[in-house]
Amino acid sequence: MRILAIDWGEKRIGLSISDPSGILVTPLPYIENRGKASSIEKIREIVKENQVERIVLGIPKDIEGKIGEKGKIYKRIGEEIKRFTGIEVDFFDERYSTRLAERILRSHPKRKTKRKELKDSLSASIILEGYLSRIKNEKSTGS
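Right under this line is the structure:
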């Protein structure tokens with residue numbers, strides 16, 4: 587089952603996709619966020635082109651793991667993505683994905699501007715890897 591991960595940002599939307607077996611994660615080029623409708627339409631095209639069967643959207647939670655106001659906005663975005671793609675949207679805590687992506691990219695020899703371009707899709711990959719790991723753990727423990 588191919589899964590698309592989305593790291594929704596105000597300027598850029600990071601994307602990453604799994605292989606059909608759900609083992610490998612591949613970052614995709616980010617989308618410039620030029621408005622919700624336009625961005626969701628581009629996501630719909632990617633879903634169709636890649637035969638995506640599930641979507642996971644990174645959702646910001648507070649330090650206690652609760653969904654705040656921004657998280658509620660992301661929940662509504664997820665509902666709209668589901669409505670326009672017809673694909674189930676799950677949510678995954680994205681609290682540390684961007685910081686981890688930044689830390690990884692700082693050790694990368696690329697120019698700072700190039701690292702900035704890679705950050706969003708790398709964040710989406712981190713979200714997807716965490717999500718796939720959670721699914722695998724749930725299957726192995728029977729949860």
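Numbering of the sequence shown is given in the working numbering, commencing with residue 587 and proceeding in unit increments. Glycine included, each C-beta is placed from N, C-alpha and C at the ideal position.
Using C-beta distances below 7 Å, list every residue in its chain close to residue i, excluding the 5 sequence neighbours before and after it, in chain order.
i: residue 716; result: 678
i: residue 648; result: 654
i: residue 714; result: 589, 591, 602, 604, 611, 642
What number of angstroms, rounded off, separates the C-alpha of residue i from the C-alpha of residue j?
i: residue 666; j: residue 629; result: 11 Å
i: residue 707; j: residue 650; result: 26 Å
i: residue 609; j: residue 656; result: 30 Å
i: residue 621; j: residue 595; result: 11 Å
i: residue 599; j: residue 659; result: 15 Å
i: residue 625; j: residue 662; result: 14 Å
i: residue 615; j: residue 636; result: 14 Å
i: residue 664; j: residue 606; result: 22 Å
i: residue 724; j: residue 623; result: 34 Å
i: residue 675; j: residue 726; result: 22 Å
i: residue 627; j: residue 671; result: 9 Å
i: residue 669; j: residue 712; result: 25 Å
i: residue 728; j: residue 652; result: 25 Å
Starting from residue i, follow the alpha helix (DSSP H) in both directions and report where the run begins and ends.
i: residue 625; result: 622 to 636
Which one or two residues does DSSP pair with residue i in a beta bridge?
i: residue 614; result: 601
i: residue 591; result: 602, 642
i: residue 722; result: The partner list for residue 722 (beta bridge, DSSP) is empty, contrary to what the question assumes.
i: residue 652; result: Paired residues: none, contrary to the question.
What do you reckon, are the CB atoms on residue i and residue j nearer than 8 Å?
i: residue 587; j: residue 631; result: no
i: residue 601; j: residue 617; result: yes
i: residue 592; j: residue 710; result: yes
i: residue 604; j: residue 718; result: yes
i: residue 611; j: residue 673; result: no
i: residue 680; j: residue 645; result: yes
Along the chain, where does the beta strand (DSSP E) containing residue i start, and where does it finish?
i: residue 663; result: First-last for residue 663: 655 to 671, but that is the alpha helix (DSSP H), not the beta strand (DSSP E).
i: residue 679; result: 675 to 679
So, at 8 Å on beta carbons, what are the nonlocal neighbours of residue i in its own chain, with the 5 sequence-adjacent residues on each side left out?
i: residue 597; result: 618, 619
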